[in-house]
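Take our numbering: the final residue in the sequence shown is number 606, and no numbers are missing along the way. Beta carbons are placed, not taken as given, at the ideal position from N, Cα and C, and that holds for glycine.
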Amino acid sequence: MLSERRLEVLRAIVQDYVGTEEPVGSKALTERHRLGVSPATIRNDMAALEDEGYIAQPHTSAGRIPTDKGYRLFVDKLAGVKPLSSPERRAIQNFLDGAVDLDDVVGRTVRLLAQLTRQVAVVQYPSLTRSTVRHVELLALAPARLMLVLITDTGRVEQRLIDCQAPFAEGSLADLRARLNSRVVGRRFTDVPHLVQDLPESFEQDDRGTVSTVLSVLLETLVEETEERLMIGGTANLTRFGHDFPLTIRPVLEALEEHVVMLKLLGEAKDSGMTVRIGHENAHEGLTSTSVVTVGYGSGDEAVAKLGVVGPTRMDYPGTMGAVRAVARYVGQILAES
């Protein structure tokens with residue numbers, strides 16, 4: 269266990285390095301921070317922190333910089349989440365309040381996160397597997413052609429065309445719509461199959477084939493594209509941090525382009541609370557020079573998806589964590605009210 273004084277020295281090194289982009293020396297720490305000890309003591313503390321792997325010396329005679337291990341300790345023990353100011357909170361609310369549908373919510377969230385943090389923003393679309401049914405609409409487009417519209421509690425809208433084997437009367441269509449909604453509205457997607465399995469038997473013999481076709485399309489819709497969509501924005505922000513990546517930012521850009529990689533990364537954060545992965549804690553080789561800050565968002569107590577940012581390990585962790593948490597909270601409110 270590090271002493272409180274050495275933890276304070278580590279905190280000062282992280283803060284200075286993030287702010288100045290320059291390796292930090294003992295003289296700078298003495299001048300910028302009231303650590304209450306002599307420069308010689310600070311040098312000894314820095315030597316101990318280096319021996320234990322929390323800081324490193326990038327060049328001979330240079331100051332020290334935090335390692336992944338040092339950033340980890342900083343985030344776990346030393347970094348409070350920086351609250352957003354009232355103007356910042358109002359700006360978030362005003363920007364997101366104008367969204368007209370789920371795609372617009374996700375698009376605005378990506379742009380907002382990228383602007384607030386000046387990092388790469390990643391927003392996962394709400395997962396259908398964790399959603400509930402808000403409404404099922406059935407529309408007659410022709411005597412034997414229907415449109416099924418599925419609306420989720422997260423504002424997601426799925427549309428499917430259905431070609432029936434025979435014409436379906438308007439009265440039968442209204443009856444099916446009413447019975448279907450009475451069974452599935454407010455229920456989890458995973459519950460729907462057993463809730464509707466006996467529905468065809470409650471209709472006249474001539475209508476059962478069409479009812480079965482509609483249910484088949486509905487159930488297919490529930491399992492399609494369950495967690496395969498996300499949106500990424502602010503990639504150009506990485507160009508400001510070129511010197512933070514050992515050789516080139518190309519591996520990072522390639523990883524970001526692979527949405528499967530990003531979805532897996534978000535999925536690995538089992539907890540819907542704040543998760544910070546630093547450097548080599550990110551399993552994908554292209555992201556080992558980055559930190560990834562994520563949090564779950566949703567319309568109720570349970571998260572339906574995650575959002576976050578990707579940036580260099582030399583990151584303003586308190587500010588980034590505060591922005592990610594605040595945006596997730598506002599997005600959740602919008603979904604709850606939509």
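Pairing residue 307 with residue 323 gives a Cβ-Cβ distance that is not under 8 angstroms.
Among the bridge pairs identified by DSSP, residue 331 is matched with none.
In this structure, 277 is the residue among 277, 288, 413, 379 with its C-alpha nearest to the C-alpha of residue 297. Taking 8 angstroms as the cut-off, the Cβ atoms of residue 600 and residue 576 do not count as close.
In the DSSP annotation of this structure, the continuous segment of the beta strand (DSSP E) that includes residue 413 starts and ends at 413–420. The DSSP assignment places 498–501 as complete runs of the beta strand (DSSP E) inside the region 435–502, in order along the chain (cut-off: 3 residues).
When C-alpha distances from residue 393 are compared across 552, 527, 581, the shortest belongs to 527. The DSSP-derived three-state label of residue 307 is helix. Between residue 487 and residue 503 the beta-carbon gap is near 37 angstroms, outside 8 angstroms, which marks them as no contact.
Contact between the region 405–412 and the region 456–471 is absent, with fewer than three C-beta pairs closer than 8 angstroms. Under the Cβ criterion (8 angstroms, minimum of three pairs), the region 347–365 does not count as touching the region 472–479. Counting every other CB atom within 10 Å of its CB across the protein chains shown gives residue 328 a total below 16, marking it as exposed. Ranked by Cα distance from residue 434, the options 464, 445, 481, 403 are led by 481.
The three-state secondary structure of residue 384, taken from DSSP, is helix. Residue state for residue 393 is assigned as coil, using DSSP reduced to three classes.
Residue 573: member of the beta strand (DSSP E) spanning 573–580, first to last residue. In this structure, the straight-line span from the alpha carbon of residue 379 to that of residue 311 is close to 43 angstroms.
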